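Asks: Before I ask anything, let me first share the structure, which is written out below as structure tokens.
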Amino acid sequence: MSMAAQTSGAATPRPMSKEERKVIIASSAGTVFEWYDFYLAGSLAANIAQTFVPGTNDTAKFIFVLFGFAAGFAVRPFGALFFGRLGDLIGRKYTFLVTMTVMGLATFVVGLLPSFESIGYLAPTAFIICRLLQGLALGGEYGGAATYVAEHAPQGRRGFYTSWIQTTATVGLMLSLIVILVLRLSMTPEAFAAWGWRVPFLVSILLLGVSIWIRLQLAESPAFVKMKEEGTGSKAPLSEAFGTWSNAKIGLIALFGGTAGQAVVWYTGQFYALFFMTQTLKIDGTTANLLIALSLLLGTPFFIFFGWLSDKIGRKPILLAGCLIAAISYFPLFTMLAKTANPKLISATETVKLVITADPAKCGSLFDPVGVRTFTEPCDTLRRTLATNSIHYDLVNGPAGSPLAATINGTAAPSAAADLVTAAQAAGYPKAGDPTILKTPSIGEMFSSARALQAAGILFILVIFVTMVYGPIAALLVELFPTRIRYTGMSLPYHIGNGWFGGFLPPTAFAIVAASGNIFSGLWYPIIVAMMTFVIGLLLLPETKDRDIYKS
33 MSMAAQTSGA ATPRPMSKEE RKVIIASSAG TVFEWYDFYL AGSLAANIAQ
83 TFVPGTNDTA KFIFVLFGFA AGFAVRPFGA LFFGRLGDLI GRKYTFLVTM
133 TVMGLATFVV GLLPSFESIG YLAPTAFIIC RLLQGLALGG EYGGAATYVA
183 EHAPQGRRGF YTSWIQTTAT VGLMLSLIVI LVLRLSMTPE AFAAWGWRVP
233 FLVSILLLGV SIWIRLQLAE SPAFVKMKEE GTGSKAPLSE AFGTWSNAKI
283 GLIALFGGTA GQAVVWYTGQ FYALFFMTQT LKIDGTTANL LIALSLLLGT
333 PFFIFFGWLS DKIGRKPILL AGCLIAAISY FPLFTMLAKT ANPKLISATE
383 TVKLVITADP AKCGSLFDPV GVRTFTEPCD TLRRTLATNS IHYDLVNGPA
433 GSPLAATING TAAPSAAADL VTAAQAAGYP KAGDPTILKT PSIGEMFSSA
483 RALQAAGILF ILVIFVTMVY GPIAALLVEL FPTRIRYTGM SLPYHIGNGW
533 FGGFLPPTAF AIVAASGNIF SGLWYPIIVA MMTFVIGLLL LPETKDRDIY
583 KS
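Here the working numbering is used: the first residue of the sequence shown is 33, the next is one more, and so on.
Have a look at this one:
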């Protein structure tokens, strides 16, 4: 009897075999390394900006790197289409060997790229090209790994088996943070800024070699082998998956009723939390990375727990509960985080009333999620500068033709951007580096600081929401699509959700904050998307835990 037949005949839960354990370890290890590669650009955004982007405007530099970070997400759906088709035609194993190689080489090249001072605009251009290659590779990697593991899993345990793959994104992020922390703590800030930040990228070539060696030991997926033996494979996976309404409808439901909300909860709990601490609360990078790393370390086992639980009570209730609870909790949790980490900032937003009065015709929208607009009106540049310095303001429409004016607590203040920031800080707003801002430069100091532990606890709660929505999603997506188009069918909604809805969350939220003048207003984006997924998923998303994927 073939392995495929043995696997498909497993109708009840049974212990994990040695071969299945090998499949999970090998697939998960390779995927961890891919996520490690992909997230380095986000974790090292400030250093990349200083190296590859010209000029002295730190905000413009940061937004450019966010754009480069988001560019990798933007192309993920295209990678899903290209590599998903290959995976359904030639096999899961060989396809994700290719994606791993592309990812590893692109990451290694980033570590070698000369600076802007050396090669000019070729530097940022080459960085963006590497990010695009990474995004294409990741678009094919995740669907292949999740499908491969799920097709090895016995009936009734797919949630548990695939939850190991679900840990890899967080473990990859945590691994990147740990490597960066070790480097930061082992050298001077000047050395890290000059060359130390390149080391994590260069190390990826070693991880690539290990990953390829591990995955070469694996056999093809039994479900794919069974499909080939029976001659039931699709000759045109793309057109079958998305060119027929019955399958396309499933993809749309999976996207809007599943992966979109899952994505924004995932990125809010991990990446936006990191950006919020460093860019809004002005916490130094080492402290922020320590706090995030601790919360991820504590939260990662819950991916396995919720994957296991989804085999018992279903994928749908856990996923939708995570979206709902997160949407309800974000404002109070981020407020608590801000009060804990930078109490002087929150006090200033409550006691320092800064009002800008301007002719509405001279004060436009600041929405600029990818950092490509140029703002020249004094009102626009003033508001962006205030938002960059985490200074809350209210905008009041003045008479037509009236000059730009500002007041602080009812007293006239200078309307020039730099002068107004100085006045606001004199009135109570903290500067970056203010001694009241949470700072724990070592692990030992973090565990001895009540404030640091409280902040880590808040971040841990955000990670629990992440594990609720992400733990069951791979099994759900695999079970929604038949074997012949599974790689293609599940990859596209996953990567549109995570690549577009999730990947663009940090720059979009950052732009919303700049436009509104409220440091918490960026949270409206994940809240609205998560609630959309809750409603659509509740009405349209089917429960899939009892489906036999060998019969689909």
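Using N, Cα and C, we set each Cβ at its ideal position, and we do this for glycine too.
Bear in mind the structure is a predicted one, so any value in this text is a computation, not a measurement.
Can you say whether leucine 328 is buried or exposed, counting buried as having 16 or more other CB atoms within 10 angstroms of its CB?
Replies: So leucine 328 counts as buried.
Asks: Check whether the segment 234 to 251 and the segment 154 to 174 touch, using three or more Cβ-Cβ pairs below 8 Å as the test.
Replies: With the cut-off at 8 Å, the segment 234 to 251 and the segment 154 to 174 do not touch.
Asks: Please state whether DSSP places isoleucine 345 in a helix, a strand or coil.
Replies: Of the three classes helix, strand and coil, the one that applies to isoleucine 345 here is helix, per DSSP.
Asks: Shortest alpha-carbon distance to alanine 251 belongs to which of Thr372, Val55, Tyr519?
Replies: If we check each option's Cα against that of alanine 251, Val55 comes out closest.
Asks: If you measure between the beta carbons of proline 558 and alanine 419, is that distance less than 9 Å?
Replies: In this structure, alanine 419 does not lie closer than 9 Å to proline 558 by Cβ.
Asks: Got a sec? Which residues, its chain only, sit under 8 Å from asparagine 79 by beta carbon, not counting five neighbours each side?
Replies: Closer than 8 Å at the Cβ level, and outside the excluded window around asparagine 79, lie Phe224, Ala225, Trp229.
Asks: Between the segment 540 to 558 and the segment 268 to 276, are three or more C-beta pairs nearer than 8 Å?
Replies: Counting Cβ pairs under 8 Å, fewer than three are found: no touch.
Asks: Is there a C-beta anywhere in chain C that falls below 9 Å from the one on phenylalanine 536?
Replies: Considering every chain present, this structure includes no chain C. It has just one protein chain.
Asks: DSSP state of leucine 555, grouped into three classes?
Replies: Looking at leucine 555 - three-state DSSP - the assignment turns out to be helix.
Asks: In its own chain, which residues sit with a C-beta less than 6 Å from the C-beta of alanine 36, not counting the 5 before and 5 after it?
Replies: Only weak support exists for where alanine 36 lies, its pLDDT of 40 falling under 50; the value from the coordinates is given anyway. Closer than 6 Å at Cβ, skipping near neighbours: Pro254, Val257, Lys258.
Asks: Less than 8 Å between the CB atoms is what I'm expecting for phenylalanine 335 and threonine 202, so what's the real figure, rounded?
Replies: Their Cβ separation, rounded to whole angstroms, is 7 Å, which keeps phenylalanine 335 and threonine 202 in contact under 8 Å.
Asks: Given a cut-off of 9 Å, decide if glycine 531 and proline 156 are closer than it, judged by their beta-carbon atoms.
Replies: It is not a contact, given that the beta carbons lie outside the stated cut-off.
Asks: State the CB to CB distance for the pair leucine 154 and proline 525, rounded to an integer number of angstroms; the pair is presumed to be in contact (CB under 8 Å).
Replies: Wrong, their Cβ atoms sit about 36 Å apart, outside the cutoff.
Asks: List the whole-angstrom C-beta distance separating threonine 499 from phenylalanine 338, where the pair is believed to meet the contact cut-off of C-beta under 8 Å.
Replies: About 5 Å separates the two Cβ atoms, so the contact holds.
Asks: In whole angstroms, give me the CA-to-CA distance for glutamine 486 and leucine 470.
Replies: Rounded to whole angstroms, glutamine 486 to leucine 470 spans 11 Å at the Cα level.
Asks: DSSP puts leucine 352 in a beta bridge; with which residues?
Replies: Paired residue(s): none; leucine 352 is not in a bridge.
Asks: Any idea if proline 10 is buried or exposed, counting beta-carbon neighbours within 10 angstroms, 16 or more meaning buried?
Replies: The shown model of the chain, from 33 to 584, leaves out residue 10, and the question about it has no answer.
Asks: So what's alanine 444 in DSSP terms, helix, strand or just coil?
Replies: Looking at alanine 444 - three-state DSSP - the assignment turns out to be strand.
Asks: To the nearest angstrom, how far is the alpha carbon of arginine 163 from that of alanine 138?
Replies: C-alpha separation (whole angstroms): 8 Å.
Asks: On the criterion of 16 or more Cβ atoms from any shown chain inside 10 Å, does alanine 43 qualify as buried, or is it exposed?
Replies: Bear in mind that a pLDDT of 46 at alanine 43, under 50, signals an unreliable position, so the number given afterwards is only what the model happens to contain. Looking at its Cβ environment, which holds fewer than 16 other Cβ atoms inside 10 Å, alanine 43 is exposed.
Asks: In this structure, does DSSP put leucine 168 in helix, strand or coil?
Replies: The answer is helix: DSSP assigns leucine 168 an H, G or I state.
Asks: Less than 6 Å between C-beta atoms, sequence neighbours within five positions excluded: which residues of the same chain meet that for phenylalanine 566?
Replies: Excluding sequence neighbours, phenylalanine 566 sits near Leu352, Cys355, Leu356.
Asks: Just to confirm, is the Cβ distance from alanine 541 to tyrosine 193 under 9 Å?
Replies: Taking 9 Å as the Cβ cut-off, alanine 541 and tyrosine 193 do not qualify as a contacting pair.
Asks: Among Gly241, Gly346, Phe114, which has the Cα closest to the Cα of glutamate 575?
Replies: Comparing Cα-Cα distances from glutamate 575 to each of Gly241, Gly346, Phe114, the minimum goes to Gly346.
Asks: What first and last residue would you give for the alpha helix (DSSP H) that runs through asparagine 79?
Replies: Looking at the DSSP string, the run of the alpha helix (DSSP H) that includes asparagine 79 is 77 to 84.
Asks: State whether the segment 382 to 392 contacts the segment 475 to 485, with contact taken as three or more CB pairs (one from each stretch) at a distance under 8 Å.
Replies: Judged by Cβ distances under 8 Å, the segment 382 to 392 makes no contact with the segment 475 to 485, as fewer than three pairs qualify.
Asks: Going by C-alpha distance, which of Ile122, Ala464, Met132 is nearest lysine 260?
Replies: It is Ile122.
Asks: For threonine 300, collect the residues of the same chain with a Cβ closer than 6 Å to its Cβ; drop the 5 residues on either side in sequence, then sort them by chain order.
Replies: The residues are Pro558.
Asks: Note down, in chain order, each residue of its chain lying with its Cβ closer than 7 Å to the Cβ of isoleucine 165, except the 5 sequence neighbours on either side.
Replies: Note that residue 165 is leucine in the sequence shown here, rather than isoleucine. These residues qualify, in order along the chain: Val134, Ala138.
Asks: Can you tell me which residues form a DSSP beta bridge with leucine 427?
Replies: Paired residues: Ile388.
Asks: Between which residues of its own chain and threonine 417 is the CB-CB distance below 7 Å, once the five residues before and five after are set aside?
Replies: Hits under 7 Å: Ala449, Val453.
Asks: What's the gap between the Cα of proline 410 and the Cα of lysine 314?
Replies: Cα-Cα distance, rounded: 25 Å.
Asks: Do threonine 472 and valine 387 have their CB atoms nearer than 9 Å?
Replies: Not closer than 9 Å, so no.
Asks: Using the three-state DSSP reduction, which class does threonine 439 fall into: helix, strand or coil?
Replies: Residue state, collapsed to three classes: strand.
Asks: Could you check which residue in Ala390, Thr406, Ala103, Asp578 has the C-alpha nearest to that of proline 538?
Replies: The shortest C-alpha separation from proline 538 is found at Ala103.
Asks: Count the other CB atoms within 10 Å of the CB of serine 434; is the residue buried (16 or more) or exposed (fewer)?
Replies: Counting Cβ neighbours within 10 Å, serine 434 comes out exposed, since fewer than 16 surround it.
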